[in-house]
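Residues 27 to 288, numbered by this note's numbering, are exactly what the sequence shown covers, in order. Even for Gly, the Cβ is constructed at its ideal location relative to N, Cα and C. Notes follow once the structure below has been shown.
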Amino acid sequence: MAAVSVRDLAVTYAGVGRDVPALSGMSLEVGDGEPIAIIGPSGCGKSTLLLALAGLLPADAGEVLVGGEAIARPRRRTALILQDFGLLPWKSVAHNAALGLEVRGVDASTRRTVVAEALERLGLAEFAEAYPGELSGGMRQRLALARALALDADLLLMDEPLSALDALTREDLQNLLLGIWQQRRHTSVLVTHSIEEAVFLGRRVVVMSPRPGRVASIVDNPGMGEEGYRETAAFLERCVELRRLLAAEGAFRDATLAGGVR
Ligand SMILES: Nc1ncnc2c1ncn2[C@@H]1O[C@H](COP(=O)(O)OP(=O)(O)OP(=O)(O)O)[C@@H](O)[C@H]1O
Ligand SMILES: [Mg+2]
27 MAAVSVRDLA
37 VTYAGVGRDV
47 PALSGMSLEV
57 GDGEPIAIIG
67 PSGCGKSTLL
77 LALAGLLPAD
87 AGEVLVGGEA
97 IARPRRRTAL
107 ILQDFGLLPW
117 KSVAHNAALG
127 LEVRGVDAST
137 RRTVVAEALE
147 RLGLAEFAEA
157 YPGELSGGMR
167 QRLALARALA
177 LDADLLLMDE
187 PLSALDALTR
197 EDLQNLLLGI
207 WQQRRHTSVL
217 VTHSIEEAVF
227 LGRRVVVMSP
237 RPGRVASIVD
247 NPGMGEEGYR
257 ETAAFLERCV
267 ELRRLLAAEG
277 AFRDATLAGG
287 VR
C-alpha cells in the first residue's frame, strides 16, 4: 500500500544570510495506485516536494505519510527518478539497473534475475553490458525506469523525467510510462513542465502556487489512460483549463514553461 498524505508540509532551506521557504502549508492526498501529475511555476518547490516524499529532506513542519507511515528516511519500495537519470557512467547498464537493489542489500543472484527481467521489459536486454555513455537519451531514461521496476517500486516519483528528450522520443516514453502504470498500478507522482504530458499521465493534475509552494488547484482528469485520449476534445479542454490556472499563478513569466504552452 502506497497512498501518500502530505499534511501541512513546510520545508525551508537555510541559506547564507537568508532562509528560503520552499514549501509552506502544502497538503495533498494521493490514493494507493493513483497516478498524479504536478505542474507549477519554476522554483515553486516541486523538486523539494519529491525529495520530501522520498524521505531525503526533513520537514520543518507538518508531515509526509506513505502507506500510513511517517517518512523520515528513504523507504524500500519508493523509487525516485531525477532529471539527470542518476546513472553512474562508469558502471554498465546492468549494474546501473541493479543499484537500487544493491543499496537495499539484495543478494547478487536475485539481482541478476530481477534486473534481466526489467531490462528485457524495457527493450534494453542487448545493452546490458554497455555503459550509459553509449546509450541515447531515450535509452538512458528507459534504464532509469528499469532500475525503478527492478525495485518493484509501489511509489514512483519522477522529476521532469522526459524533459531532455526530443518530441518523438518523449511521446514514445509517455506511452511507455502509461503502459507500465496500466500494468503495475503503482502510485505515481510525476513533476513536469509540460501541460500535455501532465494531462496524458495524471489522473489528477495538481497546480502549485509560486514559492513557497502549496496546492493552488487540482484538475480532475478522468479520461486519462483511455485509448486515443490525446486526440479527444476532453484532453484539449483539460489543457486549456490548466493553461488558465497556470497563468493565474504567474507561471508564464517563466521561460521554462514555454515548451508546455505552445
Ligand atoms: N539545496 C538548496 N539550497 C537552498 N535553496 C534551495 C535548494 N534547493 C532549492 N532551493 C530553493 O528552493 C526553492 C524551490 O526549489 P525547487 O528546486 O524545489 O523548485 P522547482 O519547483 O523544482 O523548480 P524548477 O521548476 O525550476 O525545477 C527555489 O527557490 C530554490 O532556489
Ligand atoms: Mg525542479
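At least one heavy atom of ligand 2 lies closer than 7 Å to the C-beta of Ser73.
Val129 is the residue among Pro115, Val129, Asn247, Lys117 whose C-alpha sits nearest the C-alpha of Arg103. When the alpha-carbon of His121 is set against those of Pro158, Ala63, Asp34, the nearest one is in Pro158. When the Cα atoms are used, Val30 and Pro61 turn out to be separated by approximately 11 Å. Bridge pairing for Tyr39: Val46 [DSSP]. The beta carbon of Phe153 is closer than 6 Å to those of Val119 in its chain, skipping five residues each way along the sequence. Per DSSP, reduced to three states, the secondary structure at Gly71 is coil, with no helix or strand assignment. Taking 8 Å as the upper bound for CB-CB distance, Leu76 and Asp185 are in contact here, some 5 Å apart. Asp185 has its Cβ nearer than 7 Å to a heavy atom of ligand 2.
In terms of Cβ geometry, Ala176 and Gly126 form a close pair [threshold 8 Å].
Note: Ala29 is not bridge-paired with any residue in the DSSP secondary-structure output. In terms of side-chain proximity, the C-beta atom of Arg237 is found nearer than 7 Å to a non-hydrogen atom of ligand 1. Per DSSP, Val129 is one residue of the alpha helix (DSSP H) stretching across 119 to 129.
With the rule of 3 Cβ pairs closer than 8 Å, the stretch 227 to 234 counts as touching the stretch 265 to 273. DSSP lists Ile107, Leu216 as the bridge partner or partners of Met184. Less than 8 Å divides the Cβ of Ile64 from the Cβ of Val217.
Scanning the stretch 205 to 255 for uninterrupted beta strand (DSSP E) segments of 3 residues or longer gives 213 to 217, 230 to 234, 241 to 246, listed from N- to C-terminal end.
Residue range 134 to 147 is occupied by the alpha helix (DSSP H) that includes Val140. By the Cβ neighbour-count rule, Gln200 is buried, with 16 or more other Cβ atoms within 10 Å of its own. Between Thr195 and Gly163, the C-beta spacing is below 8 Å. Nearest to Arg147 by C-alpha distance, out of Gly131, Thr136, Ala174, is Ala174. Within the same chain, Gly249, Phe261 come within 6 Å of Tyr255 by CB-CB distance, once the 5 residues on both sides are set aside. For the options Ala40, Pro187, Leu49, Ala28, the alpha carbon positioned closest to that of Gly59 is the one of Ala28.
Taking a contact as a CB-CB distance under 8 Å, the pair Ala123 and Ala144 counts as one, their CB atoms being some 6 Å apart.
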